[in-house]
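2 protein chains.
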Amino acid sequence: MSKGQLFIVSGPSGSGKDTILKEVLARCPRLEFSISTITRAMRKGEVEGEKYHFITKDKFLRLLEQGEFLEYNEYMGNFYGTPKTPVKKCLESGNDMILEVDVNGAEKVRSQLPDVVSIFIMPPSLEVLKKRLSGRGTETQEAILGRLKTAISEIKRASEFDYIVVNDNLECAVDNLISIIKSERSKRERMYYIIDEVLKDVGSFNW
Amino acid sequence: MSKGQLFIVSGPSGSGKDTILKEVLARCPRLEFSISTITRAMRKGEVEGEKYHFITKDKFLRLLEQGEFLEYNEYMGNFYGTPKTPVKKCLESGNDMILEVDVNGAEKVRSQLPDVVSIFIMPPSLEVLKKRLSGRGTETQEAILGRLKTAISEIKRASEFDYIVVNDNLECAVDNLISIIKSERSKRERMYYIIDEVLKDVGSFNW
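Protein sequence lines correspond, in order, to chains R and S.
This note's numbering applies: residue 1466 is where the first sequence begins, and numbers increase by one.
This note's numbering applies: residue 1466 is where the second sequence begins, and numbers increase by one.
Structural data, given as structure tokens:
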């Protein structure tokens, strides 16, 4: 068995990456989700350890000093980080892991772990993205426009990613992401062991 | 739309590559099979233009002189070649193409077209391979052992391929090969166009 593969998934708000990832994780065996460590208050419906680990700022800063984060950022006075230990453990067990980070986080992870495979989830058009963001009904027109502008600057950086998956149709996007994960598992680098395994009996083979 | 991708599939006799390819081609849209040009006599059940184009040796040698073959070989006095023109046409149309060649043919194609993606179909064990070859019931014990020896020398070269797909279970092997083809279609190099397409409306976008 070879080591697991780390995948990064990024995409603008409204690209549907959360929904896609939920489906992919439900369908794909031997694939784990990296739970982020964050310091903001828990929101309604959120569960500790599901998508986030909630800790205090003091504890976050202590872990940061110990070099425990693969990447982190500060947003509106709170910290968001990807802890190293679970990633290491998962990959060593032979399972694959998915990290959901923004384009800056992706850049940081790539610079530390060049073997990472990164995937950008692309909305089919700005028009569709705007509709999806408006459809949530939870944000002002101004906030939506702000998100759209951020999305545009992220889309411009999609070429930094190894793969681009267009989320026009959810089922297709899920299928494409699963294909990427599966195909990485068939890569030569991960399958070397099978050559030795198949040939191990050559000497004692019943000719 | 970007250009199509060329795939090479190799694997020892008894690896099940013919059955896998038939299934993959039936299920995968925008994927064509490269029909080999050969000079041996047509066998019972074979149809011109299905898996092979049957031509005379004279014609083959003329085409060879014209540089029409991406790779070819001579076996028991007959010629077997992969014609260039259909590959070129297919890839330019945006469709992908699969070539089935042996490990030497794969090496020749790779040296001419470094962007080719190559896949080795691996039997799960020598024991299973022997059973599959014996199960055909059409060959002598000696011929089977000859095929096994060739298989071993081919398996030793599996590491020259980009991907290795183990054919333990036909359904899984087919699914893995389709995943490789799909994932190649999501590669950055083939998806650059979508960045421009999504961003083309930024200027005239209804903010």
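Ideal Cβ positions, reconstructed from N, Cα and C, are used throughout, including at glycine.
As the structure is a prediction and not an experimental result, all values here were calculated from the model.
CA-to-CA distance, ASP1561 (chain R) to ARG1527 (chain R), given in whole angstroms = Your numbering for residue 1527 (chain R) matches position 62 in the first sequence. Your numbering for residue 1561 (chain R) matches position 96 in the first sequence. CA-CA distance, ARG1527 (chain R) to ASP1561 (chain R), rounds to 28 Å.
Rounded to whole angstroms, what's the CA-CA distance from GLU1511 (chain R) to ILE1485 (chain R)? Just pull it up for me.
-> Taking the first residue of the first sequence as position 1, residue 1511 (chain R) is located at position 46. Taking the first residue of the first sequence as position 1, residue 1485 (chain R) is located at position 20. One C-alpha to the other measures close to 19 Å.
Interface flag, PHE1472 (chain R) vs chain S, CB-CB below 8 Å | Looking up residue 1472 (chain R) in the first sequence gives position 7. PHE1472 (chain R) has a beta carbon lying at 8 Å or more from every beta carbon in chain S.
Hey, quick one: how far does the alpha helix (DSSP H) through LEU1443 (chain S) stretch, first residue to last?
-> Shown here, chain S extends from 1466 to 1672; a query on residue 1443 (chain S) therefore has no answer.
Could you name the residues of the segment 1657-1670 of chain S whose beta carbon sits closer than 7 Å to any beta carbon of chain R, in the order they occur along the chain?
-> Result list: TYR1657, ILE1659, ILE1660, VAL1663, LEU1664, ASP1666, VAL1667 and PHE1670.
Helix, strand or coil: how does DSSP classify GLU1565 (chain S) here?
-> Counting from one through the second sequence, the residue named residue 1565 (chain S) turns up at place 100. Annotated three-state conformation of GLU1565 (chain S) is strand, per DSSP.
Between the beta-carbon of THR1502 (chain R) and the beta-carbon of GLY1546 (chain R), is there less than 8 Å?
-> Along the first sequence, one-based indexing puts residue 1502 (chain R) at 37. Along the first sequence, one-based indexing puts residue 1546 (chain R) at 81. Their beta carbons are under 8 Å apart, which means THR1502 (chain R) touches GLY1546 (chain R) by this criterion.
When the distance is taken between beta carbons, is ILE1620 (chain S) closer than 8 Å to MET1587 (chain S)?
-> Counted from its first residue, the second sequence places residue 1587 (chain S) at position 122. Counted from its first residue, the second sequence places residue 1620 (chain S) at position 155. In this structure, ILE1620 (chain S) lies closer than 8 Å to MET1587 (chain S) by Cβ.
Starting from THR1484 (chain S), follow the alpha helix (DSSP H) in both directions and report where the run begins and ends.
-> As a working note, residue 1484 (chain S) is residue 19 in the second sequence. THR1484 (chain S) -> alpha helix (DSSP H) spans 1482-1492.
How about TYR1628 (chain S) and SER1651 (chain R): are their beta carbons less than 8 Å apart?
-> On the second sequence, residue 1628 (chain S) is found 163 positions in, with the first residue counted as 1. On the first sequence, residue 1651 (chain R) is found 186 positions in, with the first residue counted as 1. Between TYR1628 (chain S) and SER1651 (chain R), the C-beta gap is smaller than 8 Å, which places the two residues in contact.
Pick out whichever of R:GLU1565, R:TYR1540, R:GLY1559 and R:LEU1490 has its Cα sitting closest to the Cα of PRO1548 (chain R).
-> Position 83 of the first sequence, counting from 1, holds the residue named residue 1548 (chain R). Checking every option, the nearest Cα to that of PRO1548 (chain R) belongs to R:GLU1565.
What runs of the beta strand (DSSP E), each 3 residues or longer, lie entirely inside the segment 1572-1622 of chain S?
-> Listed in chain order, the beta strand (DSSP E) elements of length 3 or more contained wholly in the segment 1572-1622 of chain S are 1582-1587.
To the nearest angstrom, report how far apart GLN1470 (chain R) and ASN1538 (chain R) are at their CA atoms.
-> Residue 1470 (chain R) sits at position 5 when you count from the first residue of the first sequence. Residue 1538 (chain R) sits at position 73 when you count from the first residue of the first sequence. Cα atoms of GLN1470 (chain R) and ASN1538 (chain R): separation of roughly 24 Å, rounded to the nearest angstrom.
Of all the options S:PRO1551, S:SER1590, S:THR1550 and S:PHE1498, which has the alpha carbon lying nearest to the alpha carbon of GLU1662 (chain R)?
-> Taking the first sequence and counting its residues from 1, one reaches residue 1662 (chain R) at position 197. Considering only alpha carbons, the answer is S:SER1590.
Look at the alpha carbon of SER1576 (chain R) and the alpha carbon of ASN1569 (chain R), and state the distance between them as a whole number of angstroms.
-> Start at 1 with the first residue of the first sequence, and residue 1576 (chain R) comes out as number 111. Start at 1 with the first residue of the first sequence, and residue 1569 (chain R) comes out as number 104. Approximately 11 Å between the Cα atoms of the pair.
Should GLU1530 (chain R) go down as buried or exposed, given a rule of 16 or more other Cβ atoms within 10 Å for buried?
-> Residue numbering aside, residue 1530 (chain R) sits at position 65 when the first sequence is read from its first letter. Classification for GLU1530 (chain R): exposed.
Short CB-CB distance (under 8 Å) between ASP1561 (chain R) and chain S = Residue numbering aside, residue 1561 (chain R) sits at position 96 when the first sequence is read from its first letter. Answer no: the Cβ-Cβ gap between ASP1561 (chain R) and chain S never drops below 8 Å.
Give the C-beta separation of GLY1504 (chain S) and PHE1525 (chain S) to the nearest angstrom, bearing in mind that I take them to be a contact with Cβ-Cβ under 8 Å.
-> What you label residue 1504 (chain S) is simply residue 39 of the second sequence in a count that begins at 1. What you label residue 1525 (chain S) is simply residue 60 of the second sequence in a count that begins at 1. It is worth fixing the name first, because residue 1504 (chain S) is Thr in this sequence and not Gly. At roughly 5 Å, the Cβ-Cβ gap stays under 8 Å, so THR1504 (chain S) and PHE1525 (chain S) are in contact.
When the cut-off is 8 Å and only beta carbons count, does SER1644 (chain S) lie next to chain R?
-> Locating residue 1644 (chain S) in the second sequence gives position 179, counting from the first residue. Using a Cβ-Cβ cut-off of 8 Å, SER1644 (chain S) counts as an interface residue toward chain R, since at least one Cβ of chain R sits closer than that to its own.
For the beta strand (DSSP E) containing ILE1503 (chain S), list its first residue and its last residue.
-> Here the question's residue 1503 (chain S) lines up with position 38 in the second sequence. In the DSSP assignment, ILE1503 (chain S) falls within the unbroken beta strand (DSSP E) covering 1501-1503.
Which of helix, strand or coil does DSSP assign to SER1651 (chain S)?
-> What you label residue 1651 (chain S) is simply residue 186 of the second sequence in a count that begins at 1. Look at SER1651 (chain S) here: in three-state DSSP terms it is coil, with no helix or strand label.
With a cut-off of 8 Å, do at least 3 Cβ pairs link the segment 1606-1619 of chain R to the segment 1471-1479 of chain R?
-> Segments in contact, yes.
Would a C-beta distance cut-off of 8 Å place SER1669 (chain S) and ARG1653 (chain R) closer than the cut-off?
-> In the second sequence, residue 1669 (chain S) corresponds to position 204, counting from 1. In the first sequence, residue 1653 (chain R) corresponds to position 188, counting from 1. The Cβ-Cβ distance between SER1669 (chain S) and ARG1653 (chain R) does not fall below 8 Å.
Skipping 5 residues on each side, what residues in its chain have a beta carbon closer than 7 Å to that of GLU1649 (chain S)?
-> Locating residue 1649 (chain S) in the second sequence gives position 184, where the first residue counts as 1. Excluding residues within five positions, the ones whose Cβ falls inside 7 Å are GLN1470 and VAL1582.
Closest Cβ-Cβ distance between ARG1508 (chain R) and chain S: below 8 Å?
-> Taking the first residue of the first sequence as 1, we reach residue 1508 (chain R) at position 43. For ARG1508 (chain R), the answer is no, since every Cβ of chain S falls outside 8 Å of its Cβ.
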